[in-house]
Structures are given as C-alpha cells and as structure tokens.
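What follows is one structure encoded as structure tokens, with my remarks underneath.
Protein chains: 2
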Amino acid sequence: MGDDCAVLAPFVGEALISTDVAVWGVHLDPEFFPLEDLGFKAVAAAVSDIAAMGGRVRACVVAVTSPPGTDLEELHRGIADAAAMTGCPVVGGDLARASDVCVAVTVLGECPGGGAVRRSGARAGDEILVTGPLGRAAAGLRRRREGASLSDELVVAHRRPWPRLAEGQAARGAGVHAMMDLSDGIGLDLHRLADASGVGFELSTLPVADGATLEEALGGGEDYELVMTTDDPGRLRMLFVDRGLATPLSIGHVVADPSVRTLGAHPLARQGYQHEL
Amino acid sequence: MGDDCAVLAPFVGEALISTDVAVWGVHLDPEFFPLEDLGFKAVAAAVSDIAAMGGRVRACVVAVTSPPGTDLEELHRGIADAAAMTGCPVVGGDLARASDVCVAVTVLGECPGGGAVRRSGARAGDEILVTGPLGRAAAGLRRRREGASLSDELVVAHRRPWPRLAEGQAARGAGVHAMMDLSDGIGLDLHRLADASGVGFELSTLPVADGATLEEALGGGEDYELVMTTDDPGRLRMLFVDRGLATPLSIGHVVADPSVRTLGAHPLARQGYQHEL
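Order-wise, the sequence lines are chains A and B.
Mapping of the first sequence onto our numbering: position 23 corresponds to residue 23, and the numbering continues sequentially without gaps.
Mapping of the second sequence onto our numbering: position 222 corresponds to residue 222, and the numbering continues sequentially without gaps.
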C-alpha cells in the first residue's frame with residue numbers, strides 16, 4: 001500500500017460501512033477446517049452486510065492479529081479468494097501479534113441513488129420472502145464433524161458462504177420495505193427485523209435445504225440468505241427472474257401485532273446463534 | 001445501530017480509509033496503563049492516518065475481541081473519548097470472544113476537492129518540516145515506567161496522543177508535496193517517505209521535546225506529529241499561523257540522491273519501533 005490511507009474515487013450516493021471480526025476457534029473450528037476458511041468467511045460475513053442493505057461493494061480493509069508461526073499466507077489466500085469472488089478489493093490492512101488469530105474486516109459499499117434498505121421498514125400485510133432454502137451451512141458443519149470431506153457440497157456451503165449481493169440489489173430495486181441477512185438464523189434474525197419494525201409475523205412454511213434439519217434451518221445462520229418484506233411480491237419475483245436470480249421463496253406475512261410470532265400453528269421462539277462473551 | 005451497516009451521507013470528493021489494530025499487552029503495557037488508554041490510542045492512531053493525508057474524518061467502526069471478564073465499559077470510555085475529541089463518531093462495531101483484548105479501528109475520511117497528500121511526492125530541494133518537537137510519547141512511557149503518575153504531562157502525551165487533523169488539512173491546503181505521520185518515529189518513517197519518493201535527505205537539526213532524549217525523538221514514534229516536504233515553506237508557515245496552529249519546524253531538506261540520509265555530519269540509520277510478529 002505505502003500510504004497511511006487508501007484513497008478511493010468518489011462514492012456514488014450513500015456510503016455503507018460494516019465491520020465483522022472472526023476468531024479462529026470461536027467462529028471456526030481448527031479441528032475441522034483450514035485457516036483459509038477463516039479468512040474467506042470473515043470477508044463474506046462483512047460483504048453480506050452490504051448485500052443486506054441492497055448496496056454494492058467498493059473495497060475492504062483487513063486487520064489481522066496472530067501468534068508467531070501462523071501461516072499468514074494461507075489466511076490471506078482465503079481473504080483474497082473472497083475479495084476476488086465478491087469484487088471487493090482489499091485496499092489496506094494492519095497486522096499485529098496476539099495469542100489468537102483474529103480477522104477484522106471492514107467493508108465499504110454504496111447505494112447509487114440512495115435508499116439503503118433497513119430492517120425497520122416492514123409493514124403489516126407485507127409478504128415475507130427469503131432468497132433460498134435455509135440450513136445449508138449448519139448442516140455442513142454437522143456433516144464435517146461427522147466425517148464428511150471438505151469438498152462435500154454442504155460442507156462447502158459452510159466454508160464458502162456466498163453473500164447475496166445481486167439479490168440484495170434486485171430487492172432494493174424492487175422497493176422492498178425491509179431486508180436483512182440471516183447471519184444468525186431466521187429464528188433469531190426475523191425476530192430482530194420484527195422488533196426493529198414494531199410488527200409481528202405469521203410464517204406458513206420454512207424452506208429447509210436438502211440435507212438440513214428444521215432446527216438447522218431455523219437456528220443455523222451463516223447461510224447469508226436474505227429475508228425481505230414487500231407489499232408487491234410479484235414485482236420482486238419479476239425483477240429476480242429478469243436478472244437471472246433464483247425466485248425468492250414466500251414464507252409468510254407481516255402482522256401488526258408485535259406479540260404474534262408464529263410458524264404454522266405454533267409460536268416461534270427466539271433461537272439461533274448468539275456469541276458468548 | 002440496529003441495521004447491518006451504517007449508512008453515511010454522500011462523501012465530498014475522494015474517500016480515505018485506514019485500519020489499525022491495537023493489542024493489550026503489545027501496544028500498551030497493562031502494568032502501567034489503564035484499559036481505556038488502549039481504546040483511546042487505537043482510535044487516535046487510525047485518525048492520525050487520515051490527518052497524514054490531509055483529510056478530514058467522517059466516521060469510524062470498531063471491532064473488539066476480549067476474554068470473559070474484560071471491563072468493556074472502560075475500554076469503550078477511551079474509544080468514545082477519542083471519537084468525541086477528534087469529531088469521528090463510532091457508527092458501527094462488532095464484538096467477539098478471544099484470549100486477548102484487541103481493538104481494530106477503521107476510520108473513514110474525505111478530501112474535499114481531492115488531492116490527498118501521499119508520501120511519495122517529495123522532490124529534491126524541498127524543505128522538510130515537522131508539526132512539533134519529537135519524543136514526547138516515548139519519554140512519557142519511560143517516565144511512567146520510572147514511577148511518574150498517569151497525569152504527568154509526558155505520560156499524558158503517551159496515553160492520549162493527539163492526531164494532527166487541523167495541521168494535516170492546512171498542509172494539504174498549502175500544497176505540500178509529501179506528508180506522513182510519525183507513528184513509528186522519524187528515524188524509521190522519514191526513510192519510508194524517502195523510499196516512496198525515491199529521494200534522500202539531509203537533516204540539519206531535530207527538535208527534541210522537553211524531557212525527551214535524542215533517541216526518543218528519533219525512534220519513539222506515537223507522537224503522531226506530521227512530517228511534510230514543500231518547495232514553499234513560507235506559504236506553509238503562513239497558512240498554519242492563519243489557522244492558529246503552531247508554526248511548523250524546519251529540520252532539513254530533500255536531496256536527489258536516495259543514498260544520502262544524514263543528520264548533521266552523520267548518516268542516519270533506520271531506527272524506530274517495528275512490531276515483532
């Protein structure tokens with residue numbers, strides 16, 4: 001890099017910024033996964049936050065701490081892979097010695113024309129949709145622990161989560177009212193969206209990914225699928241089809257009463273991954 | 001926060017981004033300093049990178065790792081102090097469990113009108129100036145280890161370094177050719193500036209801060225004074241005076257031969273703080 005800062009050409013519209021830190025042994029189990037996956041997942045998680053606002057990525061910076069003897073080349077390979085695949089160049093960084101390998105990724109994005117989609121805009125009557133079936137990453141973690149290879153399809157879904165950038169931008173274009181990524185599982189994140197919007201929800205169905213359990217679909221997280229609410233689901237589906245994206249799946253609708261939070265006939269309790277501190 | 005990202009109003013001109021990570025026990029000694037100083041210094045170091053380009057700050061995000069039982073309130077107090085004093089609001093963050101307390105700060109800034117000052121622009125014949133006497137922070141660390149109180153003036157210079165934001169913007173306005181902050185000491189950083197510019201330097205003098213030694217002034221770092229090169233030092237001084245800033249101190253000039261690196265009659269060897277990894 002050379003200079004103290006990276007200099008970026010002027011932004012188009014609103015600027016988005018998000019930071020995520022991933023810790024080796026906390027966010028990823030060294031017994032079952034290579035170090036490069038930590039780098040990949042750290043970048044993917046931060047990029048997904050931009051996707052969840054309907055933004056496009058501009059660049060990221062990466063701060064790494066590591067104990068002596070860490071294979072930083074391997075870590076950087078994962079970071080570089082994710083950066084290349086999401087079109088999010090690493091423009092700066094810092095490195096320090098510590099007991100743990102920690103990767104803090106800060107991503108910058110932009111919303112041309114403004115209108116970043118927040119999680120607080122859901123309205124009673126909105127249809128609730130997700131960008132794909134849920135639970136793949138959690139199922140992959142379980143399968144890996146049971147002995148599946150690193151190249152098993154679900155294990156790859158855990159190792160190499162794909163931020164839904166194109167889907168997020170299409171959803172913003174379609175004027176969805178609220179959106180967020182399901183980084184901690186829909187059983188937790190949909191409650192957060194409903195809390196922020198002051199509404200409830202009635203889910204009729206949950207699309208469970210092949211090979212995953214209902215619990216993994218509810219609480220798994222790290223799929224980075226997006227959940228969206230809109231009063232014009234036809235327009236949303238059309239825009240996704242136009243852009244060659246998988247048709248979003250309807251799972252229920254928003255209700256005015258914030259105390260109503262159901263899946264089928266039953267209340268949906270808060271569940272999902274929350275980091276212990 | 002609530003949302004996945006912070007949304008910032010459009011930037012004016014070029015955007016600047018820099019990230020710095022500070023580790024408790026590496027960047028600051030827990031035996032001699034309170035945890036809040038780690039937070040303050042982490043923010044100040046990142047903000048100083050914006051100052052060194054001549055930019056103004058817009059916002060920062062902070063990723064923290066910590067072991068259970070860490071007094072996060074105290075850490076956040078230091079972060080909030082530095083954010084308030086430098087006018088750089090914390091707009092987002094992340095938190096994870098790890099063995100060490102690490103604070104990764106990413107600062108965003110902007111250069112209205114463009115023209116961020118790089119370290120690579122120094123030209124033969126330029127005068128070299130610094131924004132103030134050097135070695136205060138290093139002297140403060142020594143004095144603290146010798147038993148001085150936390151409120152000792154030099155100890156405070158170590159605990160609460162002040163990024164030279166106003167000075168950096170004045171220097172950019174004056175059209176300096178090259179600039180950087182002396183985070184690792186002029187004995188190392190001026191070599192970096194000369195390397196990036198493909199030039200040498202002849203220093204006639206070094207302004208040593210009251211209470212500091214020549215070695216502390218050369219190698220101490222963390223003063224966050226700025227070093228600048230310009231072919232119009234009169235204009236630079238005038239602009240600093242106009243804005244009520246301390247007059248920059250001339251220390252020598254740039255020469256064309258990159259192998260010439262002298263202080264007085266002697267070669268100036270590379271020295272200063274480099275983190276071990």
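Just so it is clear, CB atoms sit at the ideal spot from N, CA and C, and this is done for glycine as well.
Everything numeric in this text was worked out from a predicted model, so none of it was measured.
Contacts with chain A at 9 Å (Cβ-Cβ) include B:Ile-17.
Here DSSP, grouped into helix, strand and coil, assigns B:Arg-237 to helix. Out of B:Ala-6, B:Leu-16, B:Arg-172, B:Ala-82, the CA that lies nearest to the CA of B:Leu-226 is found in B:Arg-172.
At a cut-off of 9 Å between beta carbons, B:Glu-146 makes no contact with chain A. Here the C-alpha atom of A:Asp-195 lies approximately 32 Å from the C-alpha atom of A:Val-156. Under the DSSP definition of a beta bridge, B:Met-228 partners with B:Leu-129, B:Met-179. Straight through space, the alpha carbons of A:Thr-19 and B:Phe-11 are spaced by roughly 19 Å.
Between A:Asp-29 and chain B, the shortest Cβ-Cβ separation is not below 9 Å. Just measuring C-alpha positions, the residue of B:Thr-213, B:Ala-209, B:Ile-186, B:Gly-244 sitting nearest B:Phe-201 is B:Ile-186.
Taking the Cα positions, A:Ser-48 is about 32 Å away from B:Val-26. For the pair A:Arg-97 and A:Asp-184, the Cα-to-Cα distance works out to about 29 Å. Listed in chain order, the alpha helix (DSSP H) elements of length 4 or more contained wholly in the stretch 66-147 of chain B are 72-86, 136-145. For B:Leu-203, the enclosing beta strand (DSSP E) begins and ends at 200-203. Close to B:Met-180, with beta-carbon spacing below 9 Å, are these residues of chain A in chain order: Asp-3, Asp-4. Of all alpha-carbon atoms in B:Leu-8, B:Arg-237, B:Val-254, the one lying nearest the alpha-carbon of B:Cys-88 is that of B:Leu-8.
Per the coordinates, the alpha-carbon of A:Asp-29 lies some 15 Å from the alpha-carbon of A:Val-103. Taking the Cα positions, B:Leu-263 is about 49 Å away from B:Cys-5. Of the other Cβ atoms in all chains shown, 16 or more fall within 10 Å of the Cβ of A:Leu-268; this residue is therefore buried.
Legend: CB atoms of the stretch 96-108 of chain A lying less than 7 Å from CB atoms of chain B belong to residues Ala-96, Arg-97, Ala-98, Ser-99, Asp-100, Cys-102, Ala-104, Thr-106, Leu-108. Under the three-state reduction of DSSP, B:Glu-14 is assigned to strand. Cβ-Cβ separation between B:Gly-39 and B:Ile-79: approximately 4 Å, consistent with a contact (criterion under 8 Å).
The alpha-carbon separation between A:Val-117 and A:Val-176 amounts to approximately 7 Å. Rounded to whole angstroms, the separation of the alpha carbons of B:Arg-123 and B:Asp-37 is 38 Å.
Under the Cβ distance rule, B:Glu-14 counts among the residues neighbouring chain A, one pair being separated by less than 9 Å.
For A:Gly-252, the enclosing beta strand (DSSP E) covers residues 249-255.
DSSP places A:Val-155 inside the alpha helix (DSSP H), whose first and last residues are 153-159.
Distances from the CA of B:Val-90 to each of B:Leu-239, B:Thr-205, B:Val-64, B:Met-238 were compared; the closest alpha carbon is that of B:Val-64.
B:Val-47 has no beta-bridge partner at all, per DSSP.
Excluding sequence positions up to five before and after B:Gly-121, its CB lies within less than 7 Å of the CB of His-177, Ala-178, Ser-197, all in the same chain and listed in chain order. Classified as buried, A:Ala-209 has 16 or more neighbouring CB atoms from the shown chains inside 10 Å of its CB. Setting aside the 5 residues that flank it on each side, B:Ser-204 is surrounded in the same chain by Gly-252, each with a C-beta closer than 6 Å to its C-beta; the list follows chain order. Linking A:Leu-141 to B:Ala-256 through their CA atoms gives a straight-line distance of about 59 Å. Against chain B, the beta carbon of A:Arg-118 has neighbours under 7 Å at Asp-3, listed in chain order. For B:Ala-217, the enclosing alpha helix (DSSP H) covers residues 214-219. Among the CB atoms of chain A, none fall inside 9 Å of the CB of B:Gly-87. With a threshold of 16 other beta carbon atoms within 10 Å, B:Ala-52 meets it and is buried.
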